[in-house]
Amino acid sequence: MDEKTIIAKRVAQELKNGNLVNLGIGLPTLVTKYLPDGVQVFFQSENGVIGMQPLPEPGVAAEALTDAGGTPTSIIPGAGAFDSVTSFCLIRGGHLDVTVLGGLQVDEAGQLANWMVPGKMVPGMGGAMDLVSGAKRVIVAMTHTAKGAPKILKKCNLPLTSVRRVDLIVTELAVIQPTDEGLVLLEVADGVTVEEVVAATEARLIVPATVPTMQLAA
Numbered sequence: 000m001d002e003k004t005i006i007a008k009r010v011a012q013e014l015k016n017g018n019l020v021n022l023g024i025g026l027p028t029l030v031t032k033y034l035p036d037g038v039q040v041f042f043q044s045e046n047g048v049i050g051m052q053p054l055p056e057p058g059v060a061a062e063a064l065t066d067a068g069g070t071p072t073s074i075i076p077g078a079g080a081f082d083s084v085t086s087f088c089l090i091r092g093g094h095l096d097v098t099v100l101g102g103l104q105v106d107e108a109g110q111l112a113n114w115m116v117p118g119k120m121v122p123g124m125g126g127a128m129d130l131v132s133g134a135k136r137v138i139v140a141m142t143h144t145a146k147g148a149p150k151i152l153k154k155c156n157l158p159l160t161s162v163r164r165v166d167l168i169v170t171e172l173a174v175i176q177p178t179d180e181g182l183v184l185l186e187v188a189d190g191v192t193v194e195e196v197v198a199a200t201e202a203r204l205i206v207p208a209t210v211p212t213m214q215l216a217a
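Following numbering that gives the first Met the number 0, the numbering of the sequence shown begins with 0 at its first residue and continues without gaps.
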């Protein structure tokens with residue numbers, strides 16, 4: 000199982016029936032493929048839709064129907080479409096149950112940096128600032144390292160997306176929960192040791208006496 004699939008499958012387990020969920024561009028969009036049986040959530044995109052779903056099959060994309068990153072998508076029966084003003088009213092008004100965002104860095108305080116890519120021209124942070132500040136729960140879905148360098152740091156050296164502490168970090172190696180005391184190691188991936196996670200993490204981790212293995216659906 001590749002690292003992105005591991006992350007997406009584990010994040011999908013955090014979603015509950017009836018949740019209104021925003022998925023960031025890139026890796027987070029894979030979560031739609033791995034919802035547990037019997038769980039229906041409503042995926043929202045900040046460009047103005049509730050009720051997104053993956054394309055049912057290749058070659059059926061509608062040019063005018065995309066997610067916020069411009070990727071072709073599909074919708075469920077009864078989906079709603081509206082302007083971006085209404086969409087951001089939902090986000091800023093605290094109506095989103097969960098947002099799942101990619102990350103470049105997260106630090107010991109649980110603060111996220113996910114929009115300024117060094118050496119790349121980017122148009123801005125998009126809706127990430129609003130999503131981190133407005134959603135009831137913020138899950139960061141990202142690889143644990145980038146080219147061997149840790150992404151979970153003592154302190155972010157990229158511009159912060161928001162000063163709010165995120166609620167959960169899911170990587171291909173571990174599940175980590177930011178708390179008032181620091182970053183708590185909740186789970187390790189199958190075949191990964193606590194020592195390997197600690198070695199791949201610059202930030203200090205609080206390691207309980209027992210750390211269970213991440214359980215993923217087949």
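Even for Gly, the Cβ is constructed at its ideal location relative to N, Cα and C.
- The segment 105-113 makes contact with the segment 149-162; the number of CB pairs closer than 8 Å reaches 3 or more.
- For a cut-off of 8 Å, the C-beta gap from V169 to I205 is around 17 Å, too long to register as a contact.
- Between D129 and I90 the beta-carbon gap is near 5 Å, inside 8 Å, which marks them as a contact.
- Membership of D106 in the beta strand (DSSP E) is indicated by the continuous run 104-106.
- Straight-line spacing of the CA atoms in K119 and L103 works out to 13 Å.
- In this structure, E186 keeps its C-beta atom at 8 Å or more from the C-beta atom of A202.
- Our two residues, T28 and T98, have alpha carbons roughly 11 Å apart in a direct line.
- DSSP places R9 within a helical segment (H, G or I) once states are collapsed to three.
- CA-CA distance, G181 to K150, rounds to 16 Å.
- Boundaries for V30: no beta strand (DSSP E) harbours it, and the DSSP string shows neither H nor E there.
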